[in-house]
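This report refers to the structure that appears directly beneath it.
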Amino acid sequence: MDDLRDLYQQVIFDHYRKPRNYGPLPHANRQAQGFNPLCGDKVTVYLDVESGAIRDVHFEGSGCAICTASASLMTETLKGRTPDEAEQLMEHFHAMVTGQGTNEGLGKLEVLAGVREFPQRIKCATLAWHTMKAALENAAQPVTTE
Amino acid sequence: MNMRDTQDVVRWRTDFPILESHVHERPLVYLDNAATTQKPYDVIEAEARYYRHDNANVHRGVHTLSQRATEDYEAARGKVQRFINAASPSEIIFLRGTTEAINLVAQSYGRSRLREGDEIVISAMEHHSNIVPWQMLCQQTGVRLKVIPINDAGEIQLDAYQRLLGPRTRLVAVSHVSNALGTVNPVQTMIELAHEIDVPVLLDGAQAIAHVPVDVQALDCDFYAFSGHKIYGPMGIGVLYGKTELLNTMPPYQGGGDMIRSVTFEHTEYNVLPFKFEAGTPNVAGAVGLGAALDYVGNIGMETIMAHEQNVLEHATSLVSSIPGIRLIGTAREKTGILSFVMHEAHAHDVGTILDRQGIAIRSGHHCAMPIMDRYGVPATARASFALYNTRFEAELLAAGLEKVIELFNG
Chain P
1 MDDLRDLYQQ VIFDHYRKPR NYGPLPHANR QAQGFNPLCG DKVTVYLDVE SGAIRDVHFE
61 GSGCAICTAS ASLMTETLKG RTPDEAEQLM EHFHAMVTGQ GTNEGLGKLE VLAGVREFPQ
121 RIKCATLAWH TMKAALENAA QPVTTE
Chain S
1 MNMRDTQDVV RWRTDFPILE SHVHERPLVY LDNAATTQKP YDVIEAEARY YRHDNANVHR
61 GVHTLSQRAT EDYEAARGKV QRFINAASPS EIIFLRGTTE AINLVAQSYG RSRLREGDEI
121 VISAMEHHSN IVPWQMLCQQ TGVRLKVIPI NDAGEIQLDA YQRLLGPRTR LVAVSHVSNA
181 LGTVNPVQTM IELAHEIDVP VLLDGAQAIA HVPVDVQALD CDFYAFSGHK IYGPMGIGVL
241 YGKTELLNTM PPYQGGGDMI RSVTFEHTEY NVLPFKFEAG TPNVAGAVGL GAALDYVGNI
301 GMETIMAHEQ NVLEHATSLV SSIPGIRLIG TAREKTGILS FVMHEAHAHD VGTILDRQGI
361 AIRSGHHCAM PIMDRYGVPA TARASFALYN TRFEAELLAA GLEKVIELFN G
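Protein chains in written order, with full-length UniProt numbering: chain P, 1 to 146; chain S, 1 to 411.
Here it is, written out as structure tokens:
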């Protein structure tokens, strides 16, 4: 049960129960939808990108604790970053949850490192990030984890 | 084991080698039987024996092995016929599974008989495999789908069904047992009502075949589809039963070897039933394994299995429904071994992971029945589903596992 405690840390529950930056962003100029057809997780990411930087980011949707907490934590870490920085962070995060990289420099996102012991849950943790990337690229089609 | 678990189930469990395994250092508690069942030694050995001793292509050679393979394959067909009490073995078509069987009926029967404006009646609790093939037919022909509503318990509303049956109805296609809710549908009555206006009925038996007795002649259904892997048989083998008079008038579904009597470049004459619908080299080992599975189930007896599974389901239902914050999805009066639920604290996906760490395998998700999730306003459910080898003790482990979910989520 120890790896379950590593996965489900208090910070995760906190963001699951009280997701930050939740709901539509009225002045968003980019948005995308993400869907995990295996479990039914759905996420919409809203971005306000101005003068080469992400000014604000919101999300909404329904998902498990890992999916929701990951989306909430993502919104907190993206503000003020350039799109390039956001994509680099996504790659770094992806490497951490797939066990191919370190936690170093990921700050509060490190609480999701436990996902690497649960390969079936990587898609839950990365759905919001894939959706954010699609929003940056202004993808018209919803992204899926498949 | 629990004191109240019978010696029968203890013995049955020893027939299934996988049940001895451990997951995350805990004894496996396999409660995902609605997705697929585990296989007894008899089935595993029957397939292996076929490949070791009899393997050859069927209906072709005069050599001994080909003859033996053909005999094995046709013997398996006979076992299926007897198991579901079909009038003739030629009414048993071997296919990959339920999905292929329904697609066959949609494309062969549906496409040749149905016209724009005709209607097909399905129910609100169908698996995607009994929705999408009909939607494809609708796009091809202009046929319309009509959906029988269900009540909050997850039961088909018969009065609404009667109102949907009309002069444009050409086919009724419903599940015998719901894979997401466990409801046993009143198919006998539904068939009688459809036949009153000469409408044929297809039953999706994927979830029923291992859990309730199926007698296609007593039911008088026109088509019955099921998969071998849901009744302790191999994956990749399944059955379409169809009444002879219907199958005879239907065009072939796929072209190829075995389904022909003679071929010239100008003209092809099709083979007789059931071979007309079995193009290409069939899954002989799968059929042999399915035959062994039906023998295994037949030896125990469906009535015995039903009584046992009902006992385990009732125990699990009473334990799980008394856990605070759990809402059962599917509370029909007539149910077989499926317990679908949502938890207030945790999403089904989290429940699945936490139970898995305790060695307990359940399904979490939409169960290939997304319209049902919409009907109940939930994104996903957790589903425990039982088979003949599950015990009351395992139901208690499930309940204890769910208490752990709550403990973890409440920190």
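Where is the CB? At the ideal position from N, CA and C, for every residue including glycine. Since we're looking at a predicted model, the values are computed, not measured.
> Under the three-state reduction of DSSP, which class applies to Lys42/P: helix, strand or coil?
Replying inline: strand
>> Can you give me the C-alpha to C-alpha distance between Ile18/S and Lys39/S, rounded to a whole angstrom?
In response: 8 Å
> What residues in its chain sit with their C-beta under 8 Å from that of Ile354/S, if we drop five residues either side in the sequence?
Replying inline: Excluding sequence positions up to five before and after Ile354/S, its CB lies within less than 8 Å of the CB of Ala346, Gly401, Lys404, Val405, Leu408, all in the same chain and listed in chain order.
>> Let me confirm a value: Leu29/P is counted as buried when at least 16 other C-beta atoms fall within 10 Å, else exposed. Which label applies?
In response: Residue identity check: residue 29/P is Asn in the sequence provided, not Leu. A residue is called buried once 16 or more other Cβ atoms fall within 10 Å of its Cβ, and Asn29/P, having fewer, is exposed.
> At a CB-CB cut-off below 7 Å, which residues of chain P make contact with His366/S?
Replying inline: Gly40
>> Please identify the residue among Arg357/S, Phe393/S, Asn390/S whose C-alpha is closest to the C-alpha of Arg26/S.
In response: Arg357/S
>> Considering Cα atoms alone, identify which of Lys230/S, His308/S, Ile237/S, Gln217/S is closest to Phe393/S.
In response: His308/S
> In whole angstroms, what is the alpha-carbon distance linking Gly233/S and Gly242/S?
Replying inline: 21 Å
>> Buried or exposed, going by whether 16 or more other CB atoms sit within 10 Å of the CB of Phe265/S?
In response: exposed
>> Measuring straight from C-alpha to C-alpha, what distance separates Asp159/S and Ile131/S?
In response: 22 Å
>> What are the residues in the region 4-33 of chain P lying within 7 Å of chain S by C-beta distance?
In response: Leu4, Tyr8, Gln10, Phe13
> Roughly how many angstroms lie between the CA atoms of Asn185/S and Val177/S, to the nearest whole one?
Replying inline: 6 Å
>> By alpha-carbon positions, which one of Leu313/S, Pro371/S, Met373/S ends up nearest to Glu396/S?
In response: Leu313/S
> Looking at C-alpha atoms only, which residue of Ile197/S, Val174/S, Asp220/S, Val199/S is the closest neighbour of His206/S?
Replying inline: Residue 206/S is actually Ala in this sequence, not His. Checking every option, the nearest Cα to that of Ala206/S belongs to Val174/S.
> Helix, strand or coil: how does DSSP classify Thr131/P here?
Replying inline: helix
>> Using a Cβ-Cβ cutoff of less than 6 Å, which residues in the same chain neighbour Ala71/P once the five nearest sequence positions on both sides are dropped?
In response: Val43, Phe59, Ala128
> Span of the alpha helix (DSSP H) holding Gln310/S?
Replying inline: 302-321
> Within this structure, are the beta carbons of Ala76/S and Leu240/S separated by less than 8 Å?
Replying inline: no
>> Any C-beta of chain P within less than 8 Å: which residues of the region 359-386 of chain S qualify?
In response: Along the region 359-386 of chain S, the positions whose C-beta sits under 8 Å from a C-beta of chain P are Ser364, Gly365, His366, Met370, Met373, Pro379, Ala380, read in chain order.
> Of the choices Cys64/P, Met96/P, Leu47/P, whose alpha-carbon is the least far from that of Gly107/P?
Replying inline: Met96/P
>> Pairs of beta-carbons, one from the region 208-226 of chain S and one from the region 297-307 of chain S, closer than 8 Å: are there three or more?
In response: yes
> From this set, Val10/S, Ala48/S, Asp220/S, which residue's C-alpha is nearest Ala86/S's C-alpha?
Replying inline: Closest option to Ala86/S, judged by alpha-carbon separation, among Val10/S, Ala48/S, Asp220/S: Asp220/S.
> Are the CB atoms of Thr75/P and Ala53/P nearer to each other than 8 Å?
Replying inline: When the beta-carbon positions are compared, Thr75/P and Ala53/P stay at least 8 Å from each other.
> Using DSSP with H/G/I as helix, E/B as strand and the rest coil, what is Thr336/S?
Replying inline: coil
>> Going by C-alpha to C-alpha distance, which of Asn55/S, Leu137/S, Arg111/S sits closest to Pro251/S?
In response: Arg111/S
> If Ile231/S and Val297/S are in contact, beta carbons under 8 Å, what's the gap, nearest whole angstrom?
Replying inline: 6 Å
> Grouping DSSP H, G and I as helix and E and B as strand, with all else coil, what is Pro27/S?
Replying inline: strand
> What are the residues of the region 64-82 of chain P that lie near chain S, defined by any Cβ-Cβ distance shorter than 9 Å?
Replying inline: Against chain S - using a Cβ distance shorter than 9 Å - the residues of the region 64-82 of chain P are Cys64, Ala65, Ile66, Cys67, Thr68.
> Since Glu119/S contacts Arg168/S with CB under 8 Å, what's their CB separation in whole angstroms?
Replying inline: 4 Å
> In chain order, what residues of the same chain lie with their CB nearer than 8 Å to the CB of Ala46/S, ignoring the 5 residues before and after it?
Replying inline: Val288, Gly289, Gly291, Ala292
> Residue range of the alpha helix (DSSP H) that Gln31/P falls in?
Replying inline: That residue, Gln31/P, is in no alpha helix (DSSP H); its beta strand (DSSP E) goes 30-36.
> Buried or exposed: which applies to Leu95/S, given that a residue is buried once 16 or more other Cβ atoms fall within 10 Å of its Cβ?
Replying inline: buried
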